[in-house]
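Asks: Residue numbers (my numbering): 2 to 251.
Encoded as structure tokens, here's the structure I'll be asking about.
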Ligand code: FPP
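Shown next as structure tokens:
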């Protein structure tokens with residue numbers, strides 16, 4: 002059993018409960034460049050990314066992180082070559098098929114965010130089945146942003162709210178940030194505390210725009226396939242040193 006005060010205590014890290022973020026987001030970038038650097042196809046980079054993701058989830062479960070949201074496929078990623086898009090869709094399907102039992106055993110609750118209804122019928126069914134299987138789990142809330150765009154999510158939330166007003170369910174002056182938030186794909190999930198981006202680019206790329214309003218950022222040149230649990234923990238440790246003021250002063 003882990004000591005109550007310690008979430009992690011291995012040779013190089015000691016993180017106290019109080020310093021852990023509740024919700025971590027990851028922009029898993031650099032798969033293609035990693036593969037190219039080794040003379041491999043981009044798809045090999047995505048396959049290697051899955052292996053990294055599995056290790057990160059295991060770590061997140063071990064440290065009892067509350068929520069992890071990863072950017073798997075953006076609304077803009079459809080513009081990639083068909084072969085790459087097909088490969089990624091196949092990878093998501095294979096991932097669910099192979100991993101859902103283990104995720105369930107780890108008490109993980111999986112949820113997909115984004116325009117899921119635009120995916121293939123068979124993938125939608127797999128997603129529904131996996132979400133249903135893990136619906137009552139109480140451990141890590143693992144959100145997979147797939148066919149997701151932050152602006153698109155905000156527009157869809159606005160449409161849902163406009164419909165509620167038109168249907169007479171709510172009045173315009175009842176619309177506040179709490180109600181707005183509840184209509185996002187993340188629903189009542191806690192905000193992102195720490196946003197990690199691998200692969201060296203210093204941008205948000207339409208990921209969790211609302212939910213990252215007060216997130217701390219961790220950018221690394223490490224590509225996602227090379228990203229390790231140790232570096233993940235390093236980012237979490239660094240988070241613990243940040244002075245979060247949420248627009249206020251001390
Ligand atoms: C960005 O790297 C990565 C993606 C568009 C796909 C991310 C998907 C995975 C890591 C697969 C695992 C996901 C699940 C849920 C099973 P890039 O291809 O843009 O890299 P580049 O910038 O080097 O080209």
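Every residue, glycine too, gets a C-beta built ideally from N, C-alpha and C.
Note that the structure is a prediction, hence the values are computed from the model and not measured.
By how many angstroms is the C-alpha of residue 121 removed from the C-alpha of residue 147?
Replies: Along the chain shown, read from residue 1 onward, the residue named residue 147 stands at position 146. Along the chain shown, read from residue 1 onward, the residue named residue 121 stands at position 120. Each residue's Cα considered, the two are about 12 Å apart.
Asks: Per DSSP, what are the beta-bridge partners of residue 147 in this structure?
Replies: On the chain shown, residue 147 is found 146 positions in, with the first residue counted as 1. 74.
Asks: Note down, in chain order, each residue of its chain lying with its Cβ closer than 7 Å to the Cβ of residue 119, except the 5 sequence neighbours on either side.
Replies: Looking up residue 119 in the chain shown gives position 118. Here the set comprises 148.
Asks: Please specify which runs of the beta strand (DSSP E), each continuous and at least 3 residues long, are wholly inside the region 149–201, giving them in chain order.
Replies: 195–198
Asks: Do the region 122–135 and the region 152–169 make contact, defined as three or more Cβ pairs closer than 8 Å?
Replies: no
Asks: Let me make sure I understand the geometry here. Which of 200, 96, 111 and 141 has the alpha-carbon closest to that of residue 48?
Replies: The count along the chain shown starts at 1 and reaches residue 48 at position 47. Nearest C-alpha to residue 48: 96.
Asks: Contact criterion: CB-CB distance below 8 Å. Does residue 70 meet it with respect to chain C?
Replies: The structure shown has no chain C; it contains just one protein chain.
Asks: According to DSSP, which residues form a beta bridge with residue 24?
Replies: On the chain shown, position 23 is the one that residue 24 refers to. 68.
Asks: Which two residues bound the contiguous beta strand (DSSP E) that contains residue 211?
Replies: Here residue 211 refers to the residue found at position 210 when the chain shown is read from its first residue. Unbroken run through residue 211: none, as it is neither H nor E.
Asks: Between which two residues does the beta strand (DSSP E) harbouring residue 217 extend?
Replies: Position 216 of the chain shown, counting from 1, holds the residue named residue 217. 217–220 is the extent of the beta strand (DSSP E) around residue 217.
Asks: Check whether the Cβ atoms of residue 109 and residue 140 lie closer than 8 Å to each other.
Replies: Start at 1 with the first residue of the chain shown, and residue 109 comes out as number 108. Start at 1 with the first residue of the chain shown, and residue 140 comes out as number 139. In this structure, residue 140 lies closer than 8 Å to residue 109 by Cβ.
Asks: CB of residue 30 to nearest heavy atom of the ligand FPP: below 7 Å?
Replies: Within the chain shown, the letter at position 29 stands for residue 30. Flag set: Cβ of residue 30 near the ligand FPP.
Asks: Have a look at 89, 211, 220 and 76 and flag the residue whose alpha-carbon is nearest the alpha-carbon of residue 203.
Replies: Within the chain shown, the letter at position 202 stands for residue 203. Ranked by Cα distance from residue 203, the first of 89, 211, 220 and 76 is 220.
Asks: Classify residue 213 as buried or exposed, calling it buried when 16 or more other Cβ atoms lie within 10 Å of its own Cβ.
Replies: Residue numbering aside, residue 213 sits at position 212 when the chain shown is read from its first letter. So residue 213 counts as buried.
Asks: Under the criterion of a Cβ to heavy atom distance below 7 Å, does residue 116 qualify as lining the ligand FPP?
Replies: Along the chain shown, one-based indexing puts residue 116 at 115. Not one heavy atom of the ligand FPP sits closer than 7 Å to the Cβ of residue 116.
Asks: May I have the straight-line CA-CA distance separating residue 138 from residue 131, to the nearest angstrom?
Replies: For the purposes of this step, residue 138 is identified with residue 137 of the chain shown, where counting begins at 1. For the purposes of this step, residue 131 is identified with residue 130 of the chain shown, where counting begins at 1. Near 12 Å, if we compare the C-alpha coordinates of residue 131 and residue 138.
Asks: Cα-Cα, which of 217, 206, 144 and 57 is closest to residue 117?
Replies: The sequence position of residue 117 within the chain shown is 116, counting from 1. Answer by Cα proximity: 144.
Asks: Mind checking which residues open and close the alpha helix (DSSP H) that includes residue 250?
Replies: In the chain shown, residue 250 corresponds to position 249, counting from 1. Run containing residue 250: none; DSSP gives neither H nor E here.
Asks: Taking the C-alpha atoms as reference points, what is the distance between residue 171 and residue 180?
Replies: For the purposes of this step, residue 171 is taken as residue 170 along the chain shown, with counting starting at 1. For the purposes of this step, residue 180 is taken as residue 179 along the chain shown, with counting starting at 1. Straight-line measurement puts the Cα of residue 180 at about 10 Å from the Cα of residue 171.
Asks: Grouping DSSP H, G and I as helix and E and B as strand, with all else coil, what is residue 136?
Replies: Residue mapping note: residue 136 aligns to position 135 of the chain shown, counting from 1. Residue state, collapsed to three classes: coil.
Asks: Could you please give the first and the last residue of the uninterrupted beta strand (DSSP E) stretch that includes residue 110?
Replies: Looking up residue 110 in the chain shown gives position 109. Residue 110 -> beta strand (DSSP E) spans 110–114.
Asks: Given this structure, state the Cα-to-Cα distance separating residue 194 from residue 56, to the nearest angstrom.
Replies: Reading the chain shown from its first residue, position 193 is the one you call residue 194. Reading the chain shown from its first residue, position 55 is the one you call residue 56. Computed Cα separation, rounded: 21 Å.
Asks: Taking 8 Å as the threshold (C-beta atoms), are residue 60 and residue 230 in contact?
Replies: One-based indexing of the chain shown puts residue 230 at position 229. One-based indexing of the chain shown puts residue 60 at position 59. The answer is yes: Cβ separation under 8 Å.
Asks: Rounded to whole angstroms, what's the CA-CA distance from residue 232 to residue 238? Just pull it up for me.
Replies: Here residue 232 is taken as the residue at index 231 of the chain shown, counted from 1. Here residue 238 is taken as the residue at index 237 of the chain shown, counted from 1. Using only the alpha carbons, I get a separation of about 10 Å.
Asks: If contact is defined by three or more beta carbon pairs under 8 Å, each pair taking one atom from either stretch, is the region 97–108 in contact with the region 64–73?
Replies: no
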